[in-house]
Amino acid sequence: MRCLALPVLLGLALPVIGQASGGTPPQTNRPDDRSVPQGMPVPATVATAPQEAVRDPLAPLPPIPGVDQSAWLYKDSDLPQDKAWKFGTLPNGLRYAVRRNGVPPGQVAVRVRIDAGSLNERDSERGFAHLIEHLSFRGSQHVPDGEAKRIWQRLGATFGSDSNASTTPTQTVYQLDLPGATEQGLDESLKILAGMMAAPSLTAEALNAERPVVLAERREQPGPQVRYSDKLRETFFAGQPLAERSPIGQLKTLEAATPDTVRAFHDRWYRPENTVVIISGDLDPLLFARLVAKNFGAWQGVGPKPPAPDFGSPRADAPVAGALVEPAMPPVVAMAVLRPWHYQDDTAIFNQKRMVDMVAARLISRRLENRARAGGSFLQSSVALDDVSRSANVTTVNVVPIGDNWEAALKDVRAVIASAMASKPTQGEIDRELADYDAILRTQVETARVEAGAKQADDMVGALDIRETVTAPETSYQILRQAIDKKMFTPDTILASTRRIFQGTATRALVNTRTAEPDAVARLTTALKADVRPLAEHRRRQGEVTFAQLPRLGPPGKVVSREKIAELGLEKVTFANGTRLLLLANDGETARVYLRVRFGRGYDALPADRESAAWAADLALVAGGIGKFDQGDLDRLTAGRRMGMDFDIDDDAFAFNALSAPSDYADNLRLMAAKLVAPRWDPAPINRAKAAMLAGYDGFDSSPDGVLGHDLERLLRDGDPRWGTPPREAIQATTPESFKALWAPLLASGPIEVSIFGDVKADEAIAAVANSFGAVPARPTATGPVPPVRFPAHVATPVVRTHTGPADQAAAVIVWPTGGGSADDRVRNRLDVLAQVFSDRLMDQLRSKAGASYSPQVASQWPVGLPGGGRMIAIGMVAPDKVDFFLTTARAIAADLAAHPIGADELQRIKRPMAQRLARMASGNQFWMQRLAGAAYDPQRVEATQRLAQDFVSIGPADIQAVAAKYLRPDTDWTLKVVPRAK
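Position in the sequence shown (first residue = 1) + 346 = the numbering used here.
What follows is the structure in structure tokens.
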């Protein structure tokens, strides 16, 4: 068994509460029976904590006085109980579900679910459920204003990712992922959470401080998308509370909120009998249960429990259609068939019938995707089934037309659905969908040992919200297999299911258009009733495709060298054709194999003096096919297998990526190698990529976010066309011929680095590469000058861009140039810490104190594969009159960081969450694959990884001040503001 040393080494310099700096690292008494990727070398003086005996995870817990330990979740269900979960109900009615989980090691995931959201609000309380979520985090019975964040930082939790909350129409969920958890830290955390639920600070002072933050969050939402969502709910759920109950609330009710009115909502719904505490983590579940009882047991609700609100049912007499004009959004039609939502006992047969419905929906979605790929009237369409906010059971169909002819697109989509409702599918089609469905559930079984505790906690929250249970992955898989054995997936049953999911109480539709169409509602109503049978197309029958039919590669490559890097457990293998392999074979993530194939020179190989077709690669390169096979053929080839091929552009290489399985990764590599050797240049994906890009182009200037997404990257590269969104004219000018002219030579040249990290045997992995990338012909070296990477010159006043969205939205950006490359990793590490310090201060100043921005961000971006182009960037969404305040505040923080060393407590509050985050990431393969990308050709990346932990531990106040003084200079910064366009 191999254990990762990085978390241990990081923990040495980062004390928890009550531990003096330089003391003994906390002992969590946590056993670790997982073998994980080899980490950093551990000094011989570091001792591991003694391991306690672990109780049988499937055995019931010992009795806890006063607690009903029956499995309340499985009432009225015949599903086998997942014995790893332990349940309890306290005398006050609060329920809990707890279990042990060691992924990632040392972490404990806590969720506190309140069974109340925006649907529980009265008309005068709109937004109160979300407002209370904010106020609870700000201060409560056991924690002064703003102190909860600092306490959890000292325990290693990052605000926003590890500690957060969310409000939906039906629930409010408080989240805490506590890394490096100890009994003391968890006890303190549950005490804080219990105080937040029972007695948040609902004072006038707290309300007046937090209300601007909530209003800032409301203001910063993207206007077109919000208006579309609001109109969608209004149309689909007409006559039901959900139609007008967005969790963000209304401006007038939020501004009118008082401590008394907010407390009234809190006291009505924040009650122990409405609360479930969920914990999944790397400590004893008996400890979890006892701490829940200790901290939440005294809580009593105020007054009698109110009856549950009535969410209503879909109304058949409401208008069928609605229309919206949002020029910033592409034309889209959303259609729904609605049925009343009813509680259903979560039984095996209920789940099996739902599986049949899901296969029927998946089958139609595949037919729609095949028709879209072939070209025609719509860009994209799919069918989905969902229980929406316990308000309706819904079948939804979304249609994105090509251009503005939404009527033709809707009719063509309806024709595909009508065909599916009129005639049986083939058993081959059904088996195709079943193969993928089977693979999904089988993968969950195979990887159950490494399922993260946070995911298990979130899955429990989701099940509670829709009044269902959770089951072990093996149980879910057996339910599917039993349904298959019972012949539940036949042409007759799928046809019956298809007809059933498109029948309901009401059919509704909404169309968005770029320009006003006065008769849009009437035309949409007519299009929903039009006879579309003549539009049905003959479905192409795809024959069997095998890997033997892929383009041939050469004979297996010969290994010319093998080099082991023992400190990392890494092996570097070189083949005769020049291909190099980085191999990290480990069983730390059961049944997962991560593949990454880097080739060529990435951004260095793209034209820096003109626009090119590089923008379309993400959408069209893989979809273009291989040899004689198009994407549909390849989908059939990989059905039921865990294979993939995503494409991206790195600083210094192009890359194919996939998450595969031990039984599939060798063929996955063959598929990727065939793509390099014999790419197919199908014009349909190019045309589809153009249509998709142009459909959304008008939305770029509809909000500050959109403008930044379109303009910022190219501005920060001083206009270099390799980066950012190309002009509309360049997209329109892209042709299949120009796409092939750019990408054919790029696919055929430059070095290849294959990375295989995961559950493989070393010799088998080397053989798999020998039979794939080792078998391709030797490739010519990529040649040509490397274009320089530029940064814009300092500006005395901000560069100005405008948007067409709401008049109260703006964005402010300030950026300082830094560096790049693999040699200066120590500088890179210090800049990462500096960015977190900067971000924490900016959040305190702009959000907590001024309420000027909901979520300002600071990040250090250091391109390892480029000699320069790095930057420290701060971005905030603010009101237009707060742009100067943002920039002034950011500059003041930068100047202070350059002039003064930070305090020891502040540094620890920043470094400890960073260390814990690194430790968690380092327990998985993706961290190591990302860190070591390019290391087969650049040994400095190996050296930087080897010294990462020790260097991070060594970073002190003087180091942070030094990099701040070097880089955060007022004479090098560059600023931008995005403000409303003058009307």
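Note that CB positions come from ideal geometry on N, CA and C, so glycine has one too. Owing to the predicted nature of the structure, the values given are computational and were not obtained by experimental measurement.
- Note that the region 621–635 touches the region 529–545; at least 3 beta-carbon pairs, one per stretch, sit closer than 8 angstroms.
- With at least 16 other beta carbons inside 10 angstroms of its own, Ser1269 counts as buried.
- Of the candidates Arg1327, Leu1054, Leu1088, Leu1088 places its Cα closest to the Cα of Ala966.
- By the Cβ test, the region 1232–1242 is not in contact with the region 1055–1069, since fewer than three Cβ pairs between them sit closer than 8 angstroms.
- In terms of CA proximity to Arg1147, Val1324 leads the group Val1324, Val1210, Leu1212.
- Per the DSSP secondary-structure output, Tyr520 pairs in a beta bridge with Val458, Ala511.
- A direct Cα-Cα distance of roughly 32 angstroms separates Phe848 from Ser512.
- Counting only runs of 3 or more residues that sit fully inside the region 999–1049, the beta strand (DSSP E) segments are 1000–1006, in chain order.
- Here the alpha carbons of Asp992 and Pro880 stand approximately 37 angstroms from one another.
- Taking the Cα of Gln1207 as reference, the smallest distance to any Cα among Lys1195, Val1179, Asp1230 is reached at Val1179.
- As far as DSSP is concerned, Ile812 takes part in no beta bridge.
- Excluding sequence positions up to five before and after Ser1118, its CB lies within less than 6 angstroms of the CB of Leu1015, Arg1016, Ala1019, all in the same chain and listed in chain order.
- In the displayed model, Glu1099 falls within a strand according to three-state DSSP.
- Within the model, the alpha-carbon separation for Asn751 versus Ala680 is close to 14 angstroms.
- Secondary structure of Gly1211 (DSSP, three-state): coil.
- Contact between Asn438 and Pro652 does not hold, since the beta-carbon distance rounds to 17 angstroms and is not under 8 angstroms.
- Ranking Leu1322, Gly452, Pro515, Ala1241 by CA distance to the CA of Ala798 puts Gly452 first.
- The region 1074–1090 makes no contact with the region 977–985, as fewer than three CB pairs between them are under 8 angstroms.
- DSSP, read as helix, strand or coil, puts Thr817 in coil.
- For Leu1253 and Gly473, the gap between their C-alpha atoms comes out near 36 angstroms.
- For Gln726, the enclosing beta strand (DSSP E) has its first and last residue at 724–734.
- In the three-state reduction of the DSSP assignment, Asp1154 falls in the coil class, being assigned neither a helical nor a strand state.
- Here Lys495 is buried, its C-beta having at least 16 other C-beta atoms within 10 Å.
- Excluding five sequence positions before and after Thr839, the CB atoms of its chain that fall closer than 7 angstroms to its own CB belong to Val702, given in chain order.
- Straight-line measurement puts the Cα of Thr549 at about 9 angstroms from the Cα of Asp606.
- Taken atom to atom, the span from the alpha-carbon of Leu670 to that of Gln571 is near 11 angstroms.
- In its chain, beyond the 5 residues on either side, Leu1005, Phe1103, Gly1104, Asn1271, Gln1272, Met1275 have a beta carbon closer than 7 angstroms to the beta carbon of Tyr940.
- Lys833 is classed as exposed because its beta carbon has fewer than 16 other beta carbons within 10 Å across all chains shown.
- The distance from the Cβ of Arg988 to that of Thr789 is about 6 angstroms, consistent with a contact at the 8 angstroms cut-off.
- Three or more beta-carbon pairs drawn from the region 553–564 and the region 595–612 are found closer than 8 angstroms, and the two stretches are therefore classed as touching.
- Spatial neighbours of Gly502 in its own chain (CB-CB distance under 6 angstroms, excluding positions within 5 residues in sequence) are listed in chain order as Pro525, Gly526, Arg1258, Pro1259, Gln1262.
- Within the region 418–497, the runs of alpha helix (DSSP H) that reach at least 4 residues and sit entirely inside it are, in chain order, 474–484.
- The three-state reading of DSSP puts Asp1297 in helix, counting H, G and I together.
- Taking all protein chains in view, the Cβ of Leu481 is crowded by 16 or more other Cβ atoms within 10 Å, so the residue is classified as buried.
- Here Asp1171 has Ala1290 as same chain residues with Cβ atoms under 6 angstroms from its own Cβ, once five neighbours each way along the sequence are excluded.
- The C-beta separation of Asn739 from Val678 comes to about 23 angstroms, leaving the pair out of contact by the 8 angstroms criterion.
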